[in-house]
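Per this note's numbering, the very first residue in the sequence shown carries number 6; after that it's consecutive. Using N, Cα and C, we set each Cβ at its ideal position, and we do this for glycine too.
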Amino acid sequence: MRLSTSMMYANGLKGVLSQESDMNRLVEQVGSGRKNLSPADDPLSASMAINVAQTQAMNSTYQLNRNTAKTNLSQESNILDSITTALADVRTRVVQAGNGTFADSDRQALSTALKSARDALLGLANSTDGNGQYLFSGYQGGQIPYGQDSSGKITYSGAVGERTVQVDQSRQVSTSDIGKDVFGRANPGSQAYVSTAAATNTGTAQFGTVSVTPGSTSIGKNFSLQFEADPATGTMGYRVTTTDPNANPPVPPVTTPAPPAAATAYTSGSSIDFGGVSVVISGAPKDGDVVDVQSVQSADVDLFNTLDNLIKVLDSPIAGDEVALAKLTNELATANKKLASNYDNVLTVAASVGARMNELEALDATGTQKGLSYSKSLSDLEDLDYYQGASQLALRQVALQAASAAFMTIQGSSLFSRK
């Protein structure tokens, strides 16, 4: 190997510069607190750190979504509490309207109170959240859910799809409920029945509470009583038309007894059994009168329709009119049953809202734990071990001093020096 003065100087300088470069890198690491100053230092760790950082950002976004969902659900819970209070007051008014000592003016006063309650419930149905979005209009938050048409009837015009928020990687939660599910649906799972007298009835037939035998095969079917007078004797009888809305494939209605067989003789105050579902009919029906006995799941239980029908009959005078009195009695019984179903359904919706809020709290706890885990993983991939970094820095300082001392020794040497 040939040695030269320039080569010795170059090697010495190279050693000093190398140590300074390593020392400067350690200074940058200690100053920034990062193990890797560029992805080229550790491509695998850099790639893993990007994935963890993205997952951590998504977890933070889910947290924001959960906060929004909890705010909306909390507002809906407050509105549902107000609705249950209003419904409890309405049901009390219905019971009062059945007082036989009330005059027409008393019932009109109750009608006025029910009109105010209806308007209050309409206002609650059109409640908004903090962003001006309607709570009960489904995914069309800007569409007012309930409004009155030209005839004054209150109808639902919102969407039929729920408004959902992604609150976790694999979980979406409804932040509100559809108006129809709150104000126009029977309590899910209820096997109750509701009786309704046709508006065209001219007799004084009145119905009692429907009795249901648990486990009966007739549960879920609908029944319609059609009264008819015998052409020869004038004796009142009835036929029962049975429909099964749940049949698959659909089956046509069945009338019993079917013409030309004679109708079943009617006796006031007797129980009419449909096969596990029965109702007591009293009074004197007229030819052509109809009484429907429907499963509450099939009946029209729209809260606003119920209130409109009830207000209409309370506004009608009944003094000395037995037919009007029968209509009032039947309408009160129908309204009481439907309102009870509405009340139970609102409580069910409120329970669902509470369950969703509890789920969000549980997801919050899980999300917090995930966030800590992601932060720990990201720290392991990116953050510098300061004890190790300080130790390496001190070692490099010693190495730099040694390299500098060696270079000074070489600088004072020469190939022609004999010392």
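Residue i - containing beta strand (DSSP E), residue span
i	result
Ser229	227-234
Ile159	159-161
Asp297	295-300
Val318	Note, Val318: premise wrong, no beta strand (DSSP E); alpha helix (DSSP H) at 308-320.
Thr133	Careful: Thr133 lies outside any beta strand (DSSP E) and carries neither H nor E.
Ala260	The question names Ala, yet the displayed sequence has Thr at residue 260. Per DSSP, Thr260 belongs to the beta strand (DSSP E) from 259-261.
Thr201	198-202
Ser287	282-287
Gln174	That residue, Gln174, is in no beta strand (DSSP E); it is neither H nor E in DSSP.
Ser276	275-278
Thr207	First-last for Thr207: undefined, no H or E at that position.
Gly239	No beta strand (DSSP E) holds Gly239; DSSP gives it neither H nor E.
Gln148	Run containing Gln148: none; DSSP gives neither H nor E here.
Residue range of the alpha helix (DSSP H) that includes residue i
i	result
Asp186	184-188
Ala125	109-130
Same chain, Cβ closer than 8 Å to residue i, neighbours up to 5 away in sequence not counted
i	result
Val256	Asp249
Gln99	The identity of residue 99 in the sequence shown is Val, whereas the question assumes Gln. Excluding positions up to five away in sequence, the list reads Leu315, Leu337, Ala340, Asn341, Leu344.
Lys375	Asn64
Ile149	Asn131, Tyr139, Ser142, Ser162, Gly163
Gln177	Thr169, Val170, Gln171
Ala118	Arg98
Thr133	Tyr139, Leu140
Sequence-distant residues of the same chain with beta carbon closer than 7 Å to residue i, five excluded per side
i	result
Thr3	Here the chain covers residues 6 to 424 and nothing more, so residue 3 does not appear.
Lys120	Ile316
Ser221	Gly280, Gly281, Val282
Asn70	Val170, Gln171, Val172
Asn335	Ala202, Gln211, Phe212
Supposed close pair residue i, residue j - CB separation, criterion 8 Å
i	j	result
Asp294	Phe232	5 Å
Ile84	Leu49	The pair is not a contact, with the Cβ atoms about 53 Å apart (cut-off 8 Å).
Thr353	Asn192	6 Å
Gly426	Ser116	The question about residue 426 has no answer here: the residues shown for the chain are numbered 6 through 424.
Gln113	Leu319	7 Å
Ile88	Leu127	Contact flag wrong, Cβ pair sits at about 11 Å.
Contacting residues, own chain, Cβ-Cβ under 6 Å from residue i (five flanking each side not counted)
i	result
Gln138	Gly146
Ala234	Met241, Asp292
Asp109	Pro322, Ala324
Gly208	Ala289, Pro290, Lys291, Asp294
Gln2	Examination of residue 2 is not possible in this model, given that the chain is present from 6 through 424 alone.
Residue i, buried or exposed, once every other Cβ within 10 Å from all chains shown has been counted against 16
i	result
Ile55	exposed
Ala267	exposed
Thr180	buried
Pro262	exposed
Arg423	Low confidence applies here, because Arg423 scores a pLDDT of 48, under 50, leaving its location unreliable; read the following figure in that light. With fewer than 16 Cβ atoms within 10 Å of its Cβ, Arg423 is classed as exposed.
Ala204	exposed
Ser216	exposed
Lys158	exposed
Lys332	buried
Asp297	buried
Gly189	buried
Asp182	buried
Pro236	exposed
Ala197	buried
Gln174	exposed
Asn136	exposed
Gln302	buried
Val284	buried
Asn253	exposed
Reference residue i; option with closest CA among the options
i	options	result
Arg123	Ser321, Thr334, Gly325, Leu308	Leu308
Gln153	Asp313, Leu69, Arg112	Asp313
Ala210	Asp305, Ile159, Ser300, Leu330	Leu330
Arg96	Thr311, Arg190, Gln59	Thr311
Phe212	Thr133, Thr272, Gly166, Arg176	Thr272
Ser346	Ser300, Ala74, Ala370, Asn104	Ser300
Pro258	Val285, Ser79, Thr246, Ala252	Thr246
Lys185	Thr207, Gly225, Asn350	Asn350
Asn251	Ser155, Tyr243, Gly103, Lys226	Lys226
Asp305	Asn72, Ser155, Phe107, Val199	Val199
Leu377	Ser52, Ala58, Met53	Ala58
Glu327	Thr90, Ala356, Asn206, Leu230	Asn206
Lys365	Val165, Asn72, Ser52, Thr60	The sequence given here has Leu at residue 365, not Lys. Residue Asn72 is the option with its Cα nearest to Leu365.
Arg244	Pro254, Tyr144, Leu230	Leu230
Asn363	Ile224, Ser79, Asp86	Ser79
beta-carbon residue i near the ligand ZN non-hydrogen atom, thresh 7 Å
i	result
Val57	In the structure on display, the ligand ZN does not appear, and there are no ligands present to speak of.
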